[in-house]
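No gaps in the numbering here: position 16 of the sequence shown is 238 in my numbering, and each next residue is one more. The C-beta atom is built at its ideal place from N, Cα and C for all residues, glycine as well. Only a predicted model underlies this, so the values are computations on that prediction, with no experimental measurement involved.
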Amino acid sequence: MNRRLVQLIGIVVALAAGFAGYAIVVGLPFMGTSVQARPLTMPAVPHMLYLAPEGSQRGLVNRDIMLARGVTPVYTWPSARSAARNRPLDAMLIDTSSFDTMSDSDLDWLRAQFRDGVVIVALGVNDDRFAQILGLETLRAPAEASPAVDPIGPTGYRLVMRQVLGQPDDVETLESSNWIGRILRGEDGGTVPIKNPLRTSFHSSRGKLDSVEELDLLFSRITSAIQGAYQTRAEFRQSLNDLREER
223 MNRRLVQLIG IVVALAAGFA GYAIVVGLPF MGTSVQARPL TMPAVPHMLY LAPEGSQRGL
283 VNRDIMLARG VTPVYTWPSA RSAARNRPLD AMLIDTSSFD TMSDSDLDWL RAQFRDGVVI
343 VALGVNDDRF AQILGLETLR APAEASPAVD PIGPTGYRLV MRQVLGQPDD VETLESSNWI
403 GRILRGEDGG TVPIKNPLRT SFHSSRGKLD SVEELDLLFS RITSAIQGAY QTRAEFRQSL
463 NDLREER
């Protein structure tokens, strides 16, 4: 396929600020030529981990609450990585204290999970620190600069999911354009040189962990983000099939 300029269109941004938090959901409907080695159908019980020191409590979140909601508790990074080797992760909730025990190898692994479309939820972590951990410029939309917007705080969370499916050269080109940062700032997608079809998705939300209603909202957001990741993979595969039929 000849090199062409692809206008990044189809960006849909939903921003609802308030005490319960906000969500940003983005889709760029491009096809690609490679697909990650994951099932295309979302399992009835997604594989979710809760990484925190034994006995941790953050807001209403603790081991028993996570178990009741279908999340497997693990206490160390090696345990989390072992669980992911046995079955690909769909989501991972990480307490801020666990980031203090993360090695360089663990950091590389977490970033790889993030690139693979795993939903990552940081509990009680400052946005700036979480963005640095994930290798991003920022996780804050301009609206968060307002004093009226509460900081994450010790019982807050930030949820993120990102996915880019395509040829490595095209993925690298898109990543170098700081597409997530531009989305968060509400900027136009601009023109990025793409050689082959590409598909991306991005989801970000924040909230609190202080009530059952807020926990329900968190898990609704996790489910929605996981569904979005599987839908992106399935649509990407279908796009590949359509492309083959056209040739």
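Practice prompt. Report the partner residues of A344 according to the DSSP bridge assignment.
Written response: Under the DSSP definition of a beta bridge, A344 partners with I316, R380.
Practice prompt. Use the C-beta contact count for G429: other C-beta atoms within 10 angstroms, 16 or more gives buried, fewer gives exposed.
Written response: Buried: at least 16 other Cβ atoms inside 10 Å.
Fill in: Beta-carbon proximity of G292 to T318, cut-off 8 angstroms
No, Cβ-Cβ distance for G292 and T318 is not below 8 angstroms.
Item to complete: Alpha carbon to alpha carbon, how far is N463 from F441? Give it in angstroms, no decimals.
Response: Each residue's Cα considered, the two are about 33 angstroms apart.
Worksheet item: With distances taken from CA atoms, which of F424, L358, S461 is nearest G450?
Response: Nearest C-alpha to G450: F424.
Item to complete: Kindly list the residues whose CB is nearer than 7 angstroms to the CB of M264, restricted to its own chain and excluding five residues on each side of it in sequence; keep chain order.
Response: Its chain contains I448, Q449, Y452 as the residues whose beta carbon lies nearer than 7 angstroms to that of M264, once the 5 sequence neighbours on both sides are disregarded; these appear in chain order.
Item to complete: Check whether the Cβ atoms of P275 and S320 lie closer than 8 angstroms to each other.
Response: In contact: P275 and S320 (Cβ atoms closer than 8 angstroms).
Discussion item. Please tell me whether I342 and V283 are closer than 8 angstroms, where the distance is taken between their beta carbons.
Written reply: No, these two residues do not count as a Cβ contact at 8 angstroms.
Practice prompt. Taking the CB atoms as reference points, tell me whether R285 and L431 lie closer together than 8 angstroms.
Written response: Contact flag unset, no.
Worksheet item: L329 and I355: beta carbons closer than 8 angstroms?
Response: Cβ atoms of L329 and I355: closer than 8 angstroms.
Worksheet item: What distance in whole Å lies between the Cβ atoms of Y272 and L295, which are believed to be in contact at a cut-off of 8 angstroms?
Response: Note on identity: in this sequence residue 295 is Pro, with Leu being the wrong assignment. P295 to Y272, Cβ: 5 angstroms. Contact.
Fill in: Helix, strand or coil at R280 according to DSSP, with G and I counted as helix
Strand at R280.
Worksheet item: In this structure, does DSSP put Q449 in helix, strand or coil?
Response: If DSSP states are grouped into helix, strand and coil, Q449 belongs with the helices.
Worksheet item: Helix or strand or just coil, what does DSSP make of M324?
Response: Assignment of M324 by DSSP, reduced to helix, strand and coil, places it in the coil class.
Worksheet item: Can you tell me the Cα-Cα spacing of D349 and R333, whole angstroms?
Response: Looking at the two C-alpha atoms, the distance is approximately 16 angstroms.
Worksheet entry | Option nearest A306 by Cα separation, candidates E457, D338, D326 | Taking each of E457, D338, D326 in turn and checking the Cα distance to A306, the smallest one comes out for D338.
Worksheet item: Apart from the five residues just before and just after W331, which ones in its own chain have a Cβ nearer than 7 angstroms to its Cβ?
Response: The beta carbon of W331 lies closer than 7 angstroms to those of R303 in the same chain, with the five residues before and after it left out.
Worksheet entry | Identity of the residues DSSP links to G429 by a beta bridge | For G429, which the question treats as bridged, DSSP gives the partners Y379.
Worksheet item: Leaving out the 5 sequence neighbours to the left and right, which residues in its chain are closer than 7 angstroms to V352 when beta-carbon positions are compared?
Response: At residue 352 the sequence reads Phe, which differs from the Val that was named. A344, L361, R380, listed in sequence order.
Worksheet entry | Beta bridge counterpart(s) of L271 as assigned by DSSP | DSSP, once it has assigned bridges, lists T294, M314 as partnering L271.
Worksheet item: Any idea if S327 is buried or exposed, counting beta-carbon neighbours within 10 angstroms, 16 or more meaning buried?
Response: Flag for S327 reads exposed.
Worksheet item: Secondary structure at P261, three-state DSSP: helix, strand or coil?
Response: Of the three classes helix, strand and coil, the one that applies to P261 here is coil, per DSSP.
Fill in: Rounded distance between the beta-carbons of L262 and R459, thought under 8 angstroms
L262 and R459 do touch by the CB rule: their CB atoms are close to 6 angstroms apart, below 8 angstroms.
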